[in-house]
Amino acid sequence: PKRHKVLQEWMEAKEKTRIPRGQRIRGKPAPLTEDSCFWAYVEEAWKDLENLKQGQHQSLQRLEEFERYVTTMNDALKISADVSLEGSRFMKWSAEWEKYKREHSS
27 PKRHKVLQEW MEAKEKTRIP RGQRIRGKPA PLTEDSCFWA YVEEAWKDLE
77 NLKQGQHQSL QRLEEFERYV TTMNDALKIS ADVSLEGSRF MKWSAEWEKY
127 KREHSS
């Protein structure tokens, strides 16, 4: 039947314009943070920040890596909006991290 042919043509045209999942560009933040370990990383960053404040300078590199990771995830819109809600564990960590960097900048 003609309707099947039209549907087939439509599906083929759609497939030609389809962008592979890994190459899609997001237009809005993810409904859920794509990395299921994100909140565990936030807790690790809190521990590292506390250790850094106590003079354990090996934590600095991990904190800088976490900061780059968050920036990359945020730029790719792979972090959900709840991460940046006022009072979220991440926002509290971020404020403390920025404060530490200001106080210890050379």
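Quick note on the numbering used here: the sequence shown kicks off at 27 and runs consecutively. Backbone N, C-alpha and C define an ideal beta-carbon position, used for all residues, glycine too.
### Query
From Arg14 to Lys79, what does the alpha carbon distance come to, in whole angstroms?
What is shown of the chain runs 27 to 132, which leaves residue 14 out entirely.
### Query
What three-state label does DSSP hand Gln34 in the structure shown?
Looking up residue 34 in the sequence shown gives position 8. Gln34: helix per DSSP, three-state reduction.
### Task
Determine the burial state of Ala71: buried for a count of at least 16 other Cβ atoms within 10 Å of its Cβ, exposed for fewer.
One-based indexing of the sequence shown puts residue 71 at position 45. Around the beta carbon of Ala71, 16 or more other beta carbons lie within 10 angstroms, which makes this residue buried.
#### Entry: Collapsed DSSP secondary structure at Ala102 in the structure displayed
Against the sequence shown, residue 102 aligns to sequence position 76. Look at Ala102 here: in three-state DSSP terms it is coil, with no helix or strand label.
### Query
Candidates Arg128, Ala66, Glu60 and Arg88: which alpha carbon is nearest Leu103's?
In the sequence shown, counting from the first residue as 1, residue 103 sits at position 77. Of the candidates Arg128, Ala66, Glu60 and Arg88, the one whose C-alpha sits nearest the C-alpha of Leu103 is Glu60.
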